[in-house]
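Q: Numbering-wise, our numbering puts 846 at position 101 of the sequence shown, and it's gapless, one number per residue. The C-beta atom is built at its ideal place from N, Cα and C for all residues, glycine as well. Structure incoming, see below.
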Amino acid sequence: MSYLAKNYNRKKISFKYGKGSYLYSSDGKKYLDFVQGIAVNCLGHANPKLVKTIKDQSKKLWHVSNAFQIPEGEKLAKKLCQKTFADYVMFQNSGAEATEAAIKVARRYFYSIGKPNKNRILCVKNSFHGRTLATIFASGSKKMTEGFGPKVPGFDHFVFGDHKSLKKKITKNTAAIMVENIMGEGGIKVIPDFCLKELRKLCNKKKILLIADSVQDGVGRSGDFFAFEQSKIKPDIVPIAKGIGGGFPIGAVLMNKKVASGMTPGTHGSTFGGNPLAMAVGNAVMDIVSNKMFLKNVKNLSKYFLLNLNQLKEKYPSVIKEIRGRGLLIGIQLQKDQTKFIKKLMDNRFLTIRAAENVVRVLPPLNVKKSEIDQALKIISKVCSELK
């Protein structure tokens, strides 16, 4: 009997340890892991530099309150700001916390300039921004919000790709538009660069804020440090998490100077956010992932992976409908429900995870080897041949 709550439908498998792109199960089997904690372990399992960083920092200081200065956090915030559009950073523990804080930052900004009625956030219907009460209603998903009423107010929604609907939904009370640059849970749907540019222009015209949710696609996952960088835009607020900790719980909200002005002492807090142990790990991740050559290699590996996946799509059109994604945030949309496909991959010792629209999410570590991609392609091809 398990005393864990039943809110997860867990697979009947557990793991003893991991190394790089691989997990080793309790019964001694070796699995190629292209879930990596759902795009979290950006440097794979048990990365030597991260292990050493945690070991060294754990001997010095784990946690102090944000009532005091935390030099490791100051250092990481500086790296993030120097690498990105941001002027200020506010550390959290998770993606849900980061997106919730991003909503607070947007609302607080307008309150601070004497416009408290500008407090509604416009989001893509059936997007994913976390599982707190506010973020599930921000996502606009009937499935996620069912049973959790009353509805948290303050959110409006438009359909992905429906630009006319988007413009009509902007009112005098709209504070911000919040979008995922690449919809992860929603089926690995990439917002085209020209759309992001138009979103930025629209926000400028309407004098509202742009929140670019980069929790899943950020920190190198797209091949750029942030996916929106390819469109040459600068958002106002960016929540991040997942990859920035390389497996250690870290979230953050990045802000420009304008919106950060509203976040005065006492407006937000996080007991564990920005603790020395987490910040030490974040600094180690940044030292690796922010390197230009590292990101160039992610793009090269992505190009190779996507090219070969599209060849499999051409070979097995009755199985694969579309290949989606950017960088190493990849989706294989199937013609039929993905449950059987994912199980067959797992039977062949290859781990993936589902997303909406019959999509199989493929999320290798960013330092994956080409030979490991070849191994994945070989297994995917085998399963396609069995299901055609």
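1) Considering Cα atoms alone, identify which of G931, N949 and G929 is closest to I922.
2) To the nearest angstrom, how far is the alpha carbon of Y1061 from that of F1086?
3) Near M1024, which residues of its chain fall below 6 Å by C-beta distance, leaving aside the five closest residues on each side in sequence?
4) From which residue to which residue does the alpha helix (DSSP H) around E1117 run?
5) Please say whether A997 and V785 have beta carbons closer to each other than 8 Å?
6) Under 8 Å, Cβ to Cβ, is there at least one residue of chain C near T880?
7) On the three-state DSSP scale, how would you describe Y833?
8) Once you ignore the five residues that flank K1127 on each side, which residues in its own chain have a CB closer than 8 Å to its CB?
9) Between which two residues does the beta strand (DSSP E) holding Y762 run?
10) With D832 and A1100 assumed to form a contact (beta carbons below 8 Å), what rounded beta-carbon distance in angstroms separates them?
11) Which value, in whole angstroms, describes the spacing of the CA atoms of K794 and V1030?
12) For H874 and A841, I'd like the C-alpha separation in whole angstroms.
13) Between the alpha carbons of K1044 and M746, how many angstroms are there, rounded?
14) At the level of alpha carbons, what is the spacing between V869 and S839?
15) Which term fits N926, buried or exposed, when burial requires 16 or more other beta carbons within 10 angstroms of its beta carbon?
16) Have a look at G965 and S1035 and give me their C-alpha separation to the nearest angstrom.
17) Tell me whether the beta-carbon of F1095 lies closer than 8 Å to the beta-carbon of F779.
18) With V1105 and L1079 assumed to form a contact (beta carbons below 8 Å), what rounded beta-carbon distance in angstroms separates them?
19) Can you tell me whether DSSP reads H908 as helix, strand or coil?
20) Output the residue ranges of the beta strand (DSSP E) runs that lie fully inside the segment 995-1029 and measure 3 residues or longer, sorted by chain position.
21) Taking only the alpha-carbon atoms, compute the straight-line gap between Q802 and T916 and give it to the nearest angstrom.
A: Taking the coordinates as given:
1) Minimum Cα distance to I922 is reached at N949.
2) 13 Å
3) E817, G818 and L821
4) K1115 to L1132
5) In this structure, A997 does not lie closer than 8 Å to V785 by Cβ.
6) Note that chain C does not occur in the displayed structure, where there is just one protein chain.
7) strand
8) N1093
9) F760 to K764
10) Going by Cβ atoms, the distance from D832 to A1100 rounds to 33 Å, so no, they are not a contact pair.
11) 9 Å
12) 6 Å
13) 45 Å
14) Roughly 21 Å separates the two Cα atoms.
15) Note on N926: 16 or more other CB atoms within 10 angstroms of its CB, so buried under the neighbour-count rule.
16) 7 Å
17) yes
18) Correct: roughly 7 Å between the Cβ atoms.
19) helix
20) 996-1000
21) 49 Å
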